Each structure stands twice: as C-alpha cells, then as structure tokens.
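**Q**
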Amino acid sequence: MTRPLLEICVDSIAAARAACDGGADRLELCAALDLDGLTPDVTFVGEVRGQVAVPLMVMVRPRGGGFTYDASELTVMESQAHEMRAAGADGIVFGCVCADGGVDREATERLIDAARPLPVTFHRALDGVPDPFAALDVLLDLGVDRVLTSGGPGPAHHHRDALRQLVLRAGDLLAIMPGGGVRADNVVDTVRTSHALEVHSSAGLGSDPDPDRVAALIKALDTI
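Heads up: the sequence shown begins at 183 in the numbering used here, then just goes up one per residue.
#1: For residue 328 versus residue 376, is the C-beta spacing smaller than 8 Å?
#2: Starting from the C-beta of residue 228, find all residues in its chain whose C-beta is less than 7 Å away, skip the five residues before and the five after it, and write them out in chain order.
#3: What does the alpha-carbon distance come out to for the pair residue 389 and residue 235?
#4: What's the C-alpha gap between residue 316 and residue 240?
#5: In whole angstroms, what separates the C-alpha of residue 359 from that of residue 296?
#6: Does the distance from the CB of residue 224 to the CB of residue 209 come in under 8 Å?
#7: Is it true that the CB of residue 406 sits closer than 8 Å to the CB of residue 370?
#8: State the CB to CB distance for the pair residue 246 and residue 217, rounded to an integer number of angstroms; the pair is presumed to be in contact (CB under 8 Å).
#9: According to DSSP, residue 225 sits in a beta bridge with which residue or residues?
#10: By the 10 Å Cβ neighbour count, where 16 or more other Cβ atoms means buried, how is residue 342 classified, buried or exposed?
#11: Could you check whether residue 363 and residue 473 sit closer than 8 Å to each other, using their CB atoms as the reference points?
#12: In whole angstroms, what separates the C-alpha of residue 203 from that of residue 348?
#13: To the nearest angstrom, how far is it from the Cα of residue 387 to the Cα of residue 319?
#14: Give the DSSP-derived three-state secondary structure of residue 304 in the structure shown.
As structure tokens, this is what we get:
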C-alpha cells in the first residue's frame, strides 16, 4: 500500500511552515481552529501561497455553531469561494446540512459551482448526520471530490469500522479522508482498518508549531 497522503490543517503562517517542514503533502487553511475552522482572511491565503509549494485547500465557513446556513450566509460563502480561488487556493472546503440533519443539496450544489474548477471537500458536517450513507450518496451524486469525516461523533480512531464502510461505499468515485483526533499513536490503526488513502490532522500545531509533530505522523504512515 502506498503511504496515505497527509493533509495538515493550519491557521497561521508559523503552523503552515512547520507542517511543510515536517513533510505534509497538503494543507487545509482556516481560521479559528478552536471552532473547528472558519474562513481565513484572504491575505493569509495569499501569504501562505507565496511561501509553500504544497496544494492548499481553503475552508469556507463564515461562522461557528453548526453547518446550517440561511440565504444571506450562503451568498457570503459563494463570494468567499470566489475570493479564495483568486488568492491561489487549490481546493475549497465546506459543509452544509439542513435543519433535519441531512445534506443541504441545494446549498452544496451552489458552493460546488462557486468553487469549480477547483476540487471540493465536504468537511466535518457529515459527522452528525442521522444517515451518513444516504448523505454520502447525495455527495456522490453531486460530484463532491472528498469527504473529511471522523465517521461519527468524537475521534476518527473510535469509528474505524464506520470509516471502512464509507470507503467501500465511495469506491474510487470520492475520497474518504479520516480526520478528528488523528495523531501519530493512532493513525496507523485508523488507516489500516479504514483503508483510507488520505488522512487529516492538525498535529497540534495550533498550540505548538513544531515540525516534529508532523514528521512523527509521516514516520508512522511510512510503516503501513
């Protein structure tokens, strides 16, 4: 098995540099990691783009507190997606659900259109849906490229079997990327059980931008 791709989420220039120095294959750029990520400042995206060579996936999430958006918020998100494309993003990350917990198909379709031709990741909004397989079918139908999920509430390594079922359901049409509490001491079991080809972590860089934290993840993944 080829080593899974490692995506590191960062909310500062120092963390972006540390992630790349540690061997990250791709970055997710956001603000406010303590809120599970919000839309970053477009200037930050441009600065990172000028300093690193790896692909940059950029979060579009205007506020914390859930993933159900009204019409005005959705318009803001479309505008943010356009801005991030212009700033050098290589992909757009978002998640939209309805009040009943299912995927908001219309909102997701609009944001896909705003992001194209860039690839899109549907992020952790999937973790709380009542039927993740029905949600995945909607995302497959819409042409989403990747889903970032822990497989359920809590850390990804607690939901390894559920992640495996999502990987099987998605096949080669969509990448399932485990994320949520992924660290060097659990990433191997998470990947081996799920058979995921990509994995996502903050590596604790928000509190300590140390490249060794990312290097430890790479070292663990190299054993697979």
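All C-beta atoms in this analysis are idealised placements derived from N, C-alpha and C, irrespective of residue type, glycine included.
Quick caveat: nothing in here was measured; it's all calculated off a predicted structure.
**A** Once the coordinates are examined:
#1: No, they are not a contact pair.
#2: Taken in chain order, the residues that qualify are 269 and 270.
#3: The straight-line gap from Cα to Cα measures roughly 23 Å.
#4: A direct Cα-to-Cα measurement between residue 316 and residue 240 gives close to 26 Å.
#5: In this structure, the CA atom of residue 359 is about 22 Å from the CA atom of residue 296.
#6: Cβ atoms of residue 224 and residue 209: not closer than 8 Å.
#7: Yes.
#8: With a Cβ gap of about 4 Å, residue 246 and residue 217 count as contacting.
#9: Residue 225 pairs with nothing; no bridge assigned.
#10: With 16 or more neighbouring CB atoms inside 10 Å of its own CB, residue 342 falls in the buried class.
#11: In the structure displayed, the chain extends from 183 to 406; residue 473 sits before or after that span and is not available.
#12: If I take the Cα positions, the gap works out to 32 Å.
#13: Per the coordinates, the alpha-carbon of residue 387 lies some 34 Å from the alpha-carbon of residue 319.
#14: Strand at residue 304.
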